[in-house]
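Working notes for the structure below.
In the working numbering, the protein residues as written are 1 to 140.
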């Protein structure tokens with residue numbers, strides 16, 4: 001999956017630990033945070049391509065964390081995980097800038113595909129920005 005860097009955010013330590021181990025076995029640069037606040041602090045000093053974020057957490061919930069991540073790091077793609085999906089939640093997630101959302105328990109292969117798709121989207125956006133910067137730079 002290339003050099004994708006993924007931050008997993010979940011307040012269930014056992015779930016987070018298992019997910020990190022499974023990703024690292026697949027040679028994915030996987031990092032963990034146990035709250036939205038911890039994720040934002042981590043992102044302020046570490047690059048990430050994709051954030052996989054639990055919707056329901058103590059403290060800052062997933063939707064609030066999503067909004068804060070997209071404000072501070074607009075190119076980072078966010079995939080939300082939820083055990084309590086409904087149509088309104090899906091709309092809220094997508095309206096707030098989520099790449100997608102998945103139901104818990106998550107199928108690992110499906111999650112890997114979503115991470116790859118999110119990474120490709122981010123890479124494409126970065127390429128467009130570089131092209132624009134180069135075009136603007138040649139005009140000045």
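Just so it is clear, CB atoms sit at the ideal spot from N, CA and C, and this is done for glycine as well.
In terms of CA proximity to residue 53, 35 leads the group 45, 44, 35 and 41. Rounded to whole angstroms, the gap between the alpha carbons of residue 114 and residue 89 is 19 angstroms. DSSP places residue 98 in the coil class of the three-state scheme, outside both helix and strand. Residues of the same chain with a CB within less than 8 angstroms of the CB of residue 76, apart from the 5 flanking positions on each side, are 43, 48, 49, 50, 51, 69, 70 and 122 in chain order.
The beta carbon of residue 125 sits closer than 6 angstroms to those of 75, all from its chain and outside the five residues before and after it, given in chain order. Residue 137 counts as exposed, since fewer than 16 other C-beta atoms from the protein chains shown sit within 10 angstroms of its C-beta. Bounds of the beta strand (DSSP E) holding residue 79 are 77-82.
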